[in-house]
Each structure stands twice: as C-alpha cells, then as structure tokens.
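Notes to accompany the following structure.
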Amino acid sequence: LLAEEIAGGARDDQERALAVFRWTRGHIPQTPYGWPVVDDHVLHIIIRGHGMEDQMADVFTTLCTYAGVPAFWRLLRPVEDGTIPLSVSFVQLDGAWRVFDVAHNVIFADAQGRLVDAETLIRDPALADAIAGPVRPAGLPYSRYLQAARPFAAPEVLRARLQMPWPRLRHEAARLMRGQSGACRRC
C-alpha cells in the first residue's frame with residue numbers, strides 16, 4: 141500500500157523509481173551518530189524513520205520492487221583494506237539496470253537527464269565521478285567502488301520479491317520441487 145501511495149501517480153517505471161527515491165530520501169534519514177544500529181526488517185526501518193546506508197538502500201529497492209520496478213542493492217567494497225563499503229541500488233528501467241546511491245543523494249544521469257545504465261558506469265567509471273561531482277563516499281570517488289562491481293550481474297531472485305507472499309510461496313515450492321531443503325540462504 142505504501143509503494144502504491146508513493147508511486148501511484150507515476151506514468152512509467154522511471155517516474156515510479158524517482159518518486160520512491162525522493163520518498164526514501166525524505167523519510168529515511170541517516171541514523172544519527174551515537175544511536176544504536178539495529179539490523180531490522182524493512183518495515184521496521186520505515187516505521188522507525190531512520191537507517192544506516194544499507195538500510196536506506198534496502199527500503200528504496202524494496203519499495204521500488206513493490207511498486208512494480210525490479211530493484212536490488214549491493215555493497216561495493218574497493219580493493220583497499222579498511223575502506224568503508226558503499227551501498228548502491230540498481231533499478232531495472234527499459235531493460236537495463238540503472239544506478240542510485242540513496243544515502244548520498246546521487247542519481248547517475250547524464251547531462252540530458254537520462255539515467256545511465258550500470259554497464260556503462262562500470263565500463264567507464266570516470267563517468268560516474270563526473271556525474272557525482274564533489275560527492276565522494278568515505279573520501280573515495282565512485283570509480284573506485286564501481287570497479288568492485290565487475291563483472292556486473294543481477295541476482296536471479298530479488299530479495300524484495302522474496303518478502304512478498306505469493307512470490308515467496310512460488311520460490312519455496314520451486315525449491316522444494318528441486319529437492320533443496322533448509323531455509324532460504326538469501327533471507
């Protein structure tokens with residue numbers, strides 16, 4: 141219901157994703173320094189009204205997926221030891237995965253406002269630096285983080301879809317039919 145409320149008036153998937161991005165930025169600020177960090181379900185993060193960078197990405201991608209726009213997030217770790225990872229969201233629009241950094245308010249779009257696809261940014265990471273301008277998560281340019289996304293591949297099953305009752309039921313039934321047992325390792 142929340143995803144429908146946020147993105148219901150949008151004309152296409154890009155508008156839906158951008159509406160969810162704006163809502164997430166406006167409703168899920170960074171957890172204040174010194175407050176306890178709680179690893180929690182997306183709904184509880186929304187109710188609590190704040191989260192860490194990965195939780196902001198999780199809220200964004202889950203709401204996108206509920207709004208009918210496939211999305212997932214991933215931690216990108218540069219090769220340097222001790223570097224803070226970056227939570228980056230990927231949203232499928234027009235058959236390509238587009239890149240968003242909710243925590244740092246960066247939408248990777250070209251000068252004409254067209255969203256740049258992940259493959260292009262990974263192939264030409266300097267383009268990401270140019271788009272992001274002065275934004276440097278943990279003091280590093282995006283190009284250093286995007287190198288960690290090579291080779292780029294979306295997950296077979298989106299985590300947010302497994303939160304939905306019917307897709308979860310189908311996934312579990314298919315897993316049982318294949319003879320797999322035990323709990324889902326992606327949850």
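Under this note's numbering, think of the first position of the sequence shown as 141, with each following residue one higher.
A virtual CB, placed ideally from N, CA and C, is assigned to each residue, including glycine.
Supposed close pair residue i, residue j - CB separation, criterion 8 Å
{"i": "V199", "j": "G191", "result": "7 Å"}
{"i": "L261", "j": "F248", "result": "6 Å"}
{"i": "F212", "j": "A270", "result": "Contact doesn't hold; Cβ gap of about 25 Å is too wide."}
{"i": "F292", "j": "A268", "result": "13 Å between Cβ atoms; not a contact."}
{"i": "L298", "j": "P210", "result": "6 Å"}
Residue i versus residue j - alpha carbon distance
{"i": "Q232", "j": "Q287", "result": "20 Å"}
{"i": "D152", "j": "R284", "result": "32 Å"}
{"i": "A251", "j": "G208", "result": "27 Å"}
{"i": "R165", "j": "A243", "result": "8 Å"}
{"i": "A289", "j": "L316", "result": "32 Å"}
{"i": "L215", "j": "G253", "result": "25 Å"}
{"i": "H167", "j": "D264", "result": "32 Å"}
{"i": "P172", "j": "D194", "result": "14 Å"}
{"i": "G279", "j": "T223", "result": "9 Å"}
{"i": "L255", "j": "Q154", "result": "9 Å"}
{"i": "G174", "j": "V219", "result": "28 Å"}
{"i": "G149", "j": "R238", "result": "21 Å"}
{"i": "R318", "j": "V275", "result": "46 Å"}
{"i": "G235", "j": "T205", "result": "15 Å"}
{"i": "D180", "j": "A159", "result": "24 Å"}
{"i": "V177", "j": "A197", "result": "15 Å"}
{"i": "R326", "j": "A266", "result": "Confidence in R326 is poor, its pLDDT being 48 and thus under 50, which makes the residue's placement too unreliable to answer from."}
Residues sharing a beta bridge with residue i, DSSP
{"i": "F230", "result": "F212, V239"}
{"i": "L255", "result": "A249"}
{"i": "G191", "result": "Q170"}
Close-in-space but distant-in-sequence residues of the same chain around residue i (CB under 7 Å, 5 per side omitted)
{"i": "P169", "result": "H190"}
Beta-carbon proximity list for residue i, same chain, < 6 Å, skipping 5 on both sides
{"i": "W163", "result": "I146"}
{"i": "T202", "result": "V182, A300"}
{"i": "A272", "result": "V246, Y282"}
{"i": "P277", "result": "L226, H244"}
{"i": "I185", "result": "G191, Q195, V199"}
{"i": "Q303", "result": "none"}
{"i": "A157", "result": "C204, V209, V231"}
{"i": "A143", "result": "L203, Y206, A207"}
Start and end residues, alpha helix (DSSP H) containing residue i
{"i": "R217", "result": "No alpha helix (DSSP H) contains R217, which DSSP labels as neither H nor E."}
{"i": "L280", "result": "Here L280 belongs to no alpha helix (DSSP H), and DSSP marks it neither H nor E."}
{"i": "L267", "result": "265 to 272"}
{"i": "A143", "result": "142 to 147"}
Spatial neighbours of residue i in its chain, beta-carbon cut-off 8 Å, leaving aside the 5 residues before and after
{"i": "F161", "result": "F200, F240, V242, I247"}
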